Structure formats: structure tokens, C-alpha cells
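Remarks on the structure that follows.
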DNA sequence: CACAATCAAGTTGTGCACAACTTAATGGCG
DNA sequence: CGCCATTAAGTTGTGCACAACTTGATTGTG
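Quick look at the structure:
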């Protein structure tokens, strides 16, 4: 290894008051560092929780959607997960290589490719049962807090999307 | 571990309340999707804000640290940013190729490499002045809300790190 | 009907992130 | 002193994410 795995030294002062416009730089730094770090920390926890199942975190998200919604065209999968074909195509190819999904071109619309869990893919669902609990426990948050956080983040994402469209 | 009182908690979620353990799966899905999506949305906004400067978001974070702290060895940079040499080495090589930093091996400790902004790198700082404001505005949040969010995320990251170490 | 615009997937190229490994310098301890 | 564990940085390989592009099917409009 090259650097400490979890020796987090968040560059954040103990109690920085939210204040004047001059604080923008510092606050911007804080929130972007914090979100970036949180996202990577989440990834790390999922990686460990999923490693025995042979799934990466994004692959797990794909399987979750397929388990809940059933077979979907790549397009819809991308809408659900906010991912484009440039990301999904190779990811799905790997899932197919692992025998977890099948891809079949739609007869109705030859452009569309339906992604469907295989038997093995469906069977894997049971083995993921302990994962959500592991994750929620790892957050150290109550269910109410998790729910609140998810809600805030969803709203934040909507604002950011809107702003990105204007840039 | 229970976290301190969920601060103001101004916005009550428009979605159903958190409930029993049976809700874990759904909540886990919500929060992991939400955090993943928020992180990517943030990246997208930064990407657009920084594109005329020729910086990626992680490169910008590196420059921010160097601007604030001055020349640092790769090791310390990695501690600040939670990144290891496997990520930093090629990133720094690109920054050096762009003429924004110089890397010089320490005479005192031949293992260590000091990263130092060049003139051009220091000059770039002014051009990034509008970025923090653009980002904070894109979030649609008040400074107090941003501060609160950053605090929560930092705590969350600490919990996740601790849990990851146990897995 | 023809044909241009649109659309779904896939491909290519760049960059980030991390695990596992290598290399070289350092420091500690007998 | 001599040797070995540790350390810093870099390298390699895998996978995700996205922009820009290609290919082939479909749709809409004259």
C-alpha cells in the first residue's frame, strides 16, 4: 500500500462559523471535500461488504434495480442509475461474463437491448440480504437520520443538476 | 453510536417516514443512490466551472491545498485529500506536465518528493476566484445549510472509516 | 415513399480511485 | 556495524465515469 487507508484528516476546522461571503472559499472547500470523502468512504464500505459476492458497488446497484424492477432495457437502467451507455455497456458486459445477467436485443425495437437477471443473478439476491444492514450500521446513523440525509442529498442533486444545465 | 441532535432539521421530507428493520433495504438503497448521485452531480458542476481553467476537480483540490498550505510532500497531500500515491502520482505528473507544479526530491529524505506550485500554478489561483461562489450558488443552499451538511458528512465519513476498518 | 432527424447501444480516449506490487531510502535494534 | 522492518513514491492492472463519436434502427415530415 502507499498511503493510509482510513487515516482521515479532514481539512476542516472544528467550528467554523458560517458567515460572510468571504467565507465562501472555505465553505466551498469544506463541502466539496466532505462530499467527495463521504462518497469514497461509502464506496469503501460497500466494496468490503460486497467483495465475497464478487460484485462492485455499481454492479450491485444495477442488480438491485433489476431485482426490484425486473428486466429493463439499458436505457431505463441508465435513467434509474443516472448512468450513460458509456458506463453501462462495459459494466453489463462484465456482469454477463460473470453469468449474472443476459442481454437480448429486443425484437420489437432492434435498437434496444433488454437486460435480464439469470438464474444465478436472481439467486445472488439472497446472499446480499445482510448488506443493507451492514451499511446502515456502518453509517452510525439512526434510520430517521439516514432518511433525512438521503432527502437532503436528493434535493441537493436536483439543484446541482439544474445549475449544471445552465453552465 | 448516536450522533448529536439532528440540528435544526428544517425540511421535513415529503416522502414516507423511516420505519422498521424491514425498511433497511429501501433506506440503504435510497441513501447510497442519493450520495452517489450527489457526488456525481457535484463533480459535473465543478467540471463545468473548471473547464476553462484546464483543471479537473481532483486537480483543483490538489491546487487548493497547495495554495493554502504551500509546498507539501506527496505523503501529506495524500493525507489531506484522502488519496494514495496510486492516484496522486499520475495526477501530479499531469499537473507538472501542465506547468502548474514542480516536483523535487527532498535532499533531507531521498524518499520524499516535495510538490510546489510554479509561478503559473500560483497565478492560476486568481482565476479560480469565482469558482467557490458559483458552486455554493449551484447548491441552492444557504451558507448555514452548507455548513451543516459538511459537518454531517464529515461525521458520516468518520463512522464509515471506522466501520470499514472492522470489515 | 423517401430521407433527414432522432434514438439506443456501443466504442474510444481520458482521467480518477484503489489494490497489490516494486524500488529505493531510512531508521531501529541487536 | 549490519541487517531488516518500515516508509515514500511510483507502477501495474482493474473498474467506474463521462465526453465525443460511430453504427444501425426507427420515426416523422414533406
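Protein chains in written order, with full-length UniProt numbering: chain A, 1 to 167; chain B, 1 to 167.
We put the CB at the ideal spot given by N, CA and C, even for glycine.
Fair warning: this is a prediction, and the values are worked out from it, not measured in the lab.
Residue B/99 holds the alpha-carbon nearest to the alpha-carbon of residue 116 of chain B among B/34, B/35, B/99 and B/109. When secondary structure is reduced to three states using DSSP, residue 103 of chain B falls in the strand class. In chain order, 49 place their CB closer than 6 Å to the CB of residue 131 of chain B, counting only its own chain and leaving out the 5 sequence neighbours on each side. Within chain B, the residues placing a beta-carbon under 7 Å from that of residue 153 of chain A are 34, 35 and 38, ordered along the chain. Around residue 105 of chain B, the same chain offers 112, 113 and 114 as residues with beta carbons nearer than 8 Å, after the five sequence neighbours per side are excluded.
Of all residues in the segment 133-154 of chain A, those with a C-beta nearer than 9 Å to a C-beta of chain B are 133, 134, 135, 136, 137, 138, 139, 140, 141, 142, 143, 144, 145, 146, 147, 148, 149, 150, 151, 152, 153 and 154, reading in chain order. Ranked by Cα distance from residue 97 of chain A, the first of A/125, A/54, A/107 and A/135 is A/54.
Per DSSP, residue 114 of chain B is not a residue of any alpha helix (DSSP H); the beta strand (DSSP E) it occupies stretches across 113-117. Inclusion of residue 148 of chain B and residue 41 of chain A in the CB contact set at 8 Å is not warranted, their separation being larger than that value. Residue 62 of chain B and residue 36 of chain B have their C-alpha atoms spaced approximately 22 Å apart.
Comparing alpha carbon positions, the residue from B/151, B/136, B/165 and B/157 closest to residue 157 of chain A is B/136. Counting only runs of 3+ residues, the beta strand (DSSP E) found wholly inside the UniProt domain "HTH marR-type" (28-158) of chain A occupies 101-105 and 113-117, in chain order. The Cβ atoms of residue 139 of chain A and residue 146 of chain A sit closer than 8 Å to each other. Annotation: Cβ neighbours of residue 45 of chain B in chain A (cutoff 8 Å, chain order): 160, 163, 164 and 167. Taking every protein chain shown into account, the CB of residue 86 of chain B has fewer than 16 other CB atoms within 10 angstroms, so this residue is exposed.
Contact note: residue 49 of chain A reaches chain B through 167, using a C-beta cutoff of 8 Å and chain order. For the C-beta of residue 30 of chain B, the chain A residues within less than 7 Å are, from N- to C-terminus, 150.
Out of A/56, A/32 and A/144, the CA that lies nearest to the CA of residue 95 of chain A is found in A/56.
The beta carbon of residue 61 of chain B falls within 8 Å of a beta carbon belonging to chain A, placing the residue at that interface.
Selection B/70, B/88 and B/110 evaluated against residue 78 of chain B yields B/88 as nearest (Cα-Cα). If you ignore the 5 residues before and after residue 150 of chain B, its C-beta comes within less than 8 Å of no other C-beta in its own chain.
Per DSSP, reduced to three states, the secondary structure at residue 167 of chain A is coil, with no helix or strand assignment.
At least 8 Å separates the beta-carbon of residue 101 of chain A from that of residue 91 of chain A. In this structure, residue 107 of chain B lies away from residue 45 of chain A, with their beta-carbon atoms at least 8 Å apart. By the neighbour-count criterion, in which a residue is buried when 16 or more other Cβ atoms sit within 10 angstroms of its Cβ, residue 43 of chain B is buried.
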